[in-house]
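J.: Protein chains in written order, with my numbering: chain A, 19 to 231; chain B, 63 to 388. For each residue, glycine too, the CB sits at the ideal point set by N, CA and C. Have a look at this one.
Here's what the structure looks like:
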């Protein structure tokens with residue numbers, strides 16, 4: 019079953035035509051016990067069919083344990099992006115990036131392909147200066163118009179600095195994580211398990227928190 | 063599966079230029095709603111060296127589901143209309159910055175705009191079109207518990223209150239819409255309204271009446287939000303008797319309208335008691351060379367079509383001002 023109608027498909031094609039380098043979408047699934055894995059797989063495959071620069075690799079969380087461990091994937095459905103050289107970008111999507119999150123997903127594809135808006139010098143310097151491992155989790159719901167901004171900011175940070183890993187976590191798919199991290203408003207950003215803030219904050223707020231970790 | 067694609071976000075930006083800190087611009091527009099974007103088109107057509115600083119592209123329009131009173135469109139969704147606005151600005155080589163906020167303006171014959179990332183921009187004229195954002199209650203517990211049960215966006219956060227008891231503050235359109243979103247998932251919804259009646263459109267009030275789990279408390283205001291780690295209740299006080307009581311709820315949605323984003327020019331420009339920038343019929347503020355347009359100003363009726371018209375006027379006023387200075 020097609021997820022996108024012709025109008026959306028054409029819009030997506032036009033957007034993806036701007037891609038620079040090829041991007042690989044690495045998809046982790048698990049046929050048993052994963053309600054949304056099948057939809058996520060169709061989503062990835064349909065997107066990939068729209069531009070030849072997009073490649074897909076599919077793994078199983080259980081049978082491809084080593085691959086999952088290599089990329090630190092602990093839940094499914096998961097999508098991670100590899101850049102043109104096959105390097106791990108640190109960008110992850112846990113749960114299907116539908117609804118408003120289609121926008122953060124496309125943005126991640128374009129930015130990974132090299133199409134990035136330049137950052138102000140002062141901001142770029144602060145990102146480059148982050149020298150410890152940072153794990154950002156951005157909790158979202160698919161009906162939230164503010165959430166893609168927070169996700170894209172986190173992913174941009176991951177792209178700019180290899181020490182940073184940034185996850186989108188779709189709360190309807192992972193309700194136990196929403197409970198664990200006390201999510202009652204989205205976007206909620208959690209850094210290294212302990213520091214958090216709510217709302218689509220500017221990149222400087224992310225950096226303020228990160229510098230104090 | 064629903065897809066809310068904002069195709070315009072991805073239009074090639076080859077025409078957008080980076081701001082140059084050493085340039086003195088003719089005009090810099092602050093804000094990317096209908097007022098700011100219309101002003102941008104008018105400034106570029108006048109041939110001004112212009113720039114635009116945008117916190118949220120489209121402003122409130124980007125968050126609006128359906129629009130039926132912007133001429134030329136019988137029905138258009140907010141994201142689509144913003145895409146069209148943006149496309150029309152894109153044809154020009156305008157200096158462009160998205161995601162940044164202006165924190166202060168230093169006045170003078172050349173004005174200096176200071177941004178939250180530490181950069182600054184110099185310009186002869188400024189057009190302030192920074193719009194409005196959600197009003198906070200301003201009571202104890204609100205800030206501390208935001209994201210811990212205090213919420214402002216029901217389409218974003220209603221699912222987290224499934225099976226819980228929640229309060230909604232505000233009896234206008236957004237309050238009723240929020241109560242409807244919540245009534246679908248929550249076990250009980252208490253709507254707190256400070257007046258003796260609802261001010262929302264009849265059609266929405268009727269729709270809310272279809273839900274059996276909604277209680278409306280009239281003539282009460284919220285005085286405190288209770289809870290340490292999470293919301294566990296709210297205190298409400300009767301406007302008539304002053305009597306206070308507590309409601310046991312796990313969440314509170316605040317839908318009490320909007321406040322102008324004018325804090326960064328407080329003390330610099332004349333404002334009315336609502337914090338709106340006072341403008342004359344040509345969009346001039348109390349300072350020469352600083353113009354304002356749209357929802358952030360004292361102009362009555364906040365509508366997309368009005369904001370757009372005001373943006374055009376502000377741009378033409380700025381162009382005229384530059385001519386008289388040269």
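Against residue 96/B, what residues of chain A qualify as contacts under a CB-to-CB distance less than 7 Å, listed in chain order?
T.: In chain order: nothing, as chain A lies at least about 17 Å away.
J.: Determine the chain A residues that contact residue 313/B at a beta-carbon separation under 7 Å, and present them in chain order.
T.: What residue 313/B touches in chain A: 202.
J.: For my contact list, residue 213/A and residue 227/A are in at a C-beta cut-off of 8 Å; report their separation, rounded to the angstrom.
T.: Right, the Cβ-Cβ distance comes to about 5 Å (below 8 Å), so this counts as a contact.
J.: Can a CB atom of chain A be found closer than 8 Å to the CB of residue 66/B?
T.: So yes, residue 66/B belongs to the interface.
J.: Using a Cβ-Cβ cutoff of 8 Å, what residues of the stretch 261-278 of chain B are near chain A? List them in chain order.
T.: Residues passing the 8 Å Cβ filter: none.
J.: Can residue 367/B be considered in contact with the ligand COA, in the sense that its beta carbon sits closer than 7 Å to one or more heavy atoms?
T.: The ligand COA is absent from the structure shown, which contains no ligand whatsoever.
J.: Anything in the stretch 25-39 of chain A with a Cβ closer than 7 Å to a Cβ of chain B? List those residues in chain order, please.
T.: Per Cβ criterion, the list reads 26, 29, 33, 36.
J.: I'd like to know whether the C-beta atoms of residue 252/B and residue 311/B end up nearer to each other than 8 Å.
T.: Cβ atoms of residue 252/B and residue 311/B: closer than 8 Å.
J.: Let me confirm a value: residue 221/B is counted as buried when at least 16 other C-beta atoms fall within 10 Å, else exposed. Which label applies?
T.: Classification for residue 221/B: buried.
J.: Helix, strand or coil for residue 106/B, going by three-state DSSP, please let me know.
T.: It is helical.
J.: List the residues of chain A that residue 217/B touches, going by C-beta distances under 8 Å, in chain order.
T.: Chain A residues near residue 217/B: 161, 162, 163.
J.: How many angstroms separate the CA atom of residue 153/A from the CA atom of residue 181/A?
T.: Between residue 153/A and residue 181/A, the C-alpha separation is close to 9 Å.
J.: Taking Cβ-Cβ distances shorter than 9 Å, what residues in chain B pair up with residue 113/A?
T.: Ordered by position in chain B, no residue passes the 9 Å Cβ test against residue 113/A, which lies about 12 Å from the chain.
J.: In the DSSP assignment, what residue or residues form a beta bridge with residue 214/A?
T.: Answer is 208/A.
J.: Any C-beta of chain A sitting closer than 8 Å to the C-beta of residue 221/B?
T.: Residue 221/B counts as touching chain A.
J.: With 16 other CB atoms within 10 Å as the buried threshold, where does residue 332/B fall?
T.: That one is exposed.
J.: Which runs of the alpha helix (DSSP H), 4 residues or longer, sit entirely within the stretch 114-201 of chain A?
T.: Within the stretch 114-201 of chain A, the complete alpha helix (DSSP H) runs of at least 4 residues are 120-130, 139-146, 165-178, 193-198.
J.: Along chain B, which residues have their Cβ under 7 Å away from the Cβ of residue 199/A?
T.: Ordered by position in chain B, no residue passes the 7 Å Cβ test against residue 199/A, which lies about 11 Å from the chain.
J.: Residue 110/A: which of 171/A, 224/A, 198/A, 187/A sits nearest, CA to CA?
T.: Per the Cα distances, 187/A.
J.: With H, G and I counted as helix, E and B as strand and the rest as coil, what does DSSP make of residue 236/B?
T.: Of the three classes helix, strand and coil, the one that applies to residue 236/B here is helix, per DSSP.
J.: Return the CA-CA distance between residue 170/A and residue 136/A, expressed in angstroms with no decimal places.
T.: Those two C-alpha atoms are separated by around 14 Å.
J.: Would you identify the three-state DSSP class for residue 85/B, choosing helix, strand or coil?
T.: Note: residue 85/B maps to coil in three-state DSSP.
J.: Name the chain E residues whose beta carbon is nearer than 9 Å to that of residue 140/A?
T.: Of the protein chains in the structure, A and B, none is chain E.
J.: Given that residue 107/A touches chain B, what residues does it touch there, using C-beta distances under 9 Å?
T.: Those within 9 Å of residue 107/A in chain B number zero; the least Cβ separation is about 19 Å.
J.: May I have the straight-line CA-CA distance separating residue 81/A from residue 313/B, to the nearest angstrom?
T.: When rounded, the distance between both Cα atoms is 42 Å.
J.: Considering residue 258/B, what are the terminal residues of the alpha helix (DSSP H) in which it resides?
T.: Unbroken run through residue 258/B: none, as it is neither H nor E.
J.: Classify residue 194/B: buried if its beta carbon has 16 or more other beta carbons within 10 angstroms, exposed otherwise.
T.: With 16 or more Cβ atoms within 10 Å of its Cβ, residue 194/B is classed as buried.
J.: Taking Cβ positions only, does residue 118/A come closer than 8 Å to chain B?
T.: It does: the Cβ of residue 118/A has a partner Cβ on chain B nearer than 8 Å.
J.: Per DSSP, what kind of secondary structure is residue 37/A in: helix, strand or coil?
T.: Of the three classes helix, strand and coil, the one that applies to residue 37/A here is coil, per DSSP.
J.: Three or more C-beta pairs under 8 Å: does that hold for the stretch 362-378 of chain B against the stretch 99-113 of chain B?
T.: Yes, they touch.
J.: Kindly list the residues whose CB is nearer than 7 Å to the CB of residue 107/A, restricted to its own chain and excluding five residues on each side of it in sequence; keep chain order.
T.: For residue 107/A, where only same-chain residues beyond five positions count, the Cβ hits under 7 Å are 99, 100, 101, 130, 176, 177.
J.: Does the stretch 336-350 of chain B come within contact of the stretch 63-70 of chain B, defined as at least 3 CB pairs closer than 8 Å?
T.: No, they do not touch.
J.: Whole angstroms is fine: what's the gap from residue 372/B's alpha carbon to residue 345/B's?
T.: Each residue's Cα considered, the two are about 7 Å apart.
J.: Please check if any C-beta of chain B sits within less than 8 Å of the C-beta of residue 95/A.
T.: So no, residue 95/A is outside the interface.
J.: Helix, strand or coil: how does DSSP classify residue 29/A here?
T.: If DSSP states are grouped into helix, strand and coil, residue 29/A belongs with the helices.
J.: What does residue 222/A reach in chain B if we use C-beta pairs closer than 8 Å?
T.: Simply 178, 179.
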